[in-house]
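Numbering (this note's numbering), first residue to last: 4 to 122. In this text, a Cβ means the ideal position worked out from N, Cα and C, and glycines have one as well. For reference, the structure is listed below as structure tokens.
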Amino acid sequence: MKVAVTSQGDTLDSQVDPRFGRAAYILIIDTETLEFEAFDNNENKNSFKGAGTQAAAMVSEKGAEVLLTGFCGPNAFTTLETAGVKVANDQSGRIIDVVQKFKQGNVVYAKDANKDGHW
4 MKVAVTSQGD TLDSQVDPRF GRAAYILIID TETLEFEAFD NNENKNSFKG AGTQAAAMVS
64 EKGAEVLLTG FCGPNAFTTL ETAGVKVAND QSGRIIDVVQ KFKQGNVVYA KDANKDGHW
């Protein structure tokens, strides 16, 4: 299964970036092999608005079934939900540890956004 994880860096030893749309990187990780691609999210990070929605579209296009992040706003959450991507908020620590926790089934999927949108 592919999962997306917001990251402060481009390795599995990086820390989870608590922001979704404005995360420094988004890693798409195969949970079986731990092979991953790191996507620089600089364009979205610096956008005036729509960062979460654009990041959500990218996560969906890359085939991720789950997003592991700290906070996810309402527009991004709706976009992900519509695309069939489950969201697990309140994640923190090293990427590799968060993925292992996910693989053990120790995550709770969000029913709604846990961050207000930017207007």
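| message | With the cut-off set at 8 angstroms, would you say residue 69 and residue 41 are in Cβ contact? | response | no
| request: Compute the Euclidean distance between the alpha carbons of residue 9 and residue 81, then round it to the nearest angstrom. | output: 17 angstroms
| Which same chain residues, not among the five before or five after residue 73, have their C-beta less than 8 angstroms away from its C-beta? | 9, 19, 20, 21, 22, 23, 92, 93, 94, 95
| query | Under three-state DSSP, which class holds residue 27? | reply | coil
| query | When burial is assigned at 16 or more other CB atoms within 10 Å of the CB, is residue 56 buried or exposed? | reply | buried
| field | Sequence-distant residues of its chain with Cβ nearer than 8 angstroms to residue 45 (five each side left out) | value | 27
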